[in-house]
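> Its first residue numbered 248, the sequence shown is counted upward by one per residue in the numbering used here. Structure incoming, see below.
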Amino acid sequence: MTVQKILWHPDPHLKKKCKLIGSVDDATRTLADDLLATMYDAPGVGLAAPQIGAIQRMFVMDCTAKEDDAHAMVLINPEIVWTSDDTNVYNEGCLSLPEQYADVERPAEVRVQYLDRDGREIEEQFDGLWATCAQHEIDHLNGKLFIDHISGLKRTMFTRKMMKMKKERNRDE
Ligand SMILES: [Zn+2]
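Here it is, written out as structure tokens:
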């Protein structure tokens, strides 16, 4: 398990549509372990592969905010197969946009099909923060950030703040 550097917006890796993972093997599980280590280290409740520069369809999440990883989830090739008509508004943040938050409205419940770290096919329904997190992370796999859900004016403001922060903290490489 290696804690990786989290890429900050704006970064071309965060704009890419990620590739499907052909087979779940040891390399896939190493990436999952690195994602989990990096997420818990941050700390955060979710992290997608492109956020550490891997353009692959995988994310991890744990919305329990506990120290242990008993509720760590690894979702490979996730696909939303159903969304509720009810919506929820959460004040979302993102490890790729530290200290930036905005209200985003999304379906309150979603059903997701994915492969787990052993390659088993799973279909699971999420609600509450888990539903918001799953949708936020799947957006990442399609090159989309939470600021793409808000007004253009606010988005430009967030991007300017991030460019300044990257420069100040020498993250502009
Ligand atoms: Zn994010």
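For glycine and all other residues, C-beta sits at the position ideal for the given N, C-alpha and C.
(1) Is it right to say glutamate 339 is buried, meaning 16 or more other beta carbons lie within 10 angstroms of its own, or is it exposed?
(2) Which residue marks the beginning of the alpha helix (DSSP H) containing alanine 284, and which one marks its end?
(3) Does the distance between the C-beta of serine 343 and the nearest non-hydrogen atom of ligand 1 fall short of 7 Å?
(4) So is arginine 304 buried or exposed if we call it buried at 16+ other beta carbons inside 10 Å?
(5) Relative to the C-alpha of glutamine 347, which candidate in Asp280, Asp365, Met412 and Lys264 has its C-alpha closest?
(6) Below 6 Å CB to CB, which residues in the same chain sit around alanine 349 once its five sequence neighbours on both sides are set aside?
(7) So who's on the other strand from glutamine 372, going by DSSP bridges?
(8) Please classify tryptophan 377 as buried or exposed, where buried requires at least 16 neighbouring CB atoms within 10 angstroms.
(9) Alpha carbon to alpha carbon, how far is histidine 260 from methionine 410?
(10) Just grab the DSSP bridge partners of glutamate 415 for me.
(11) Going by DSSP, what residues sit across from glycine 293 in a beta bridge?
(12) Less than 8 Å separating the beta-carbons of leucine 344 and valine 307?
(13) Which whole-angstrom value is the C-beta distance of valine 359 and glutamate 326, which I expect to be below 8 Å?
Quick look at the numbers:
(1) buried
(2) 273 to 288
(3) yes
(4) buried
(5) Met412
(6) Ile397
(7) Note: glutamine 372 sits in a beta bridge opposite Arg358.
(8) Label assigned to tryptophan 377: buried.
(9) One alpha carbon belongs to histidine 260, the other to methionine 410, and they sit about 15 Å apart.
(10) Looking at the DSSP assignment, glutamate 415 forms no beta bridge with any residue, so it has no partner.
(11) Met308
(12) no
(13) 7 Å
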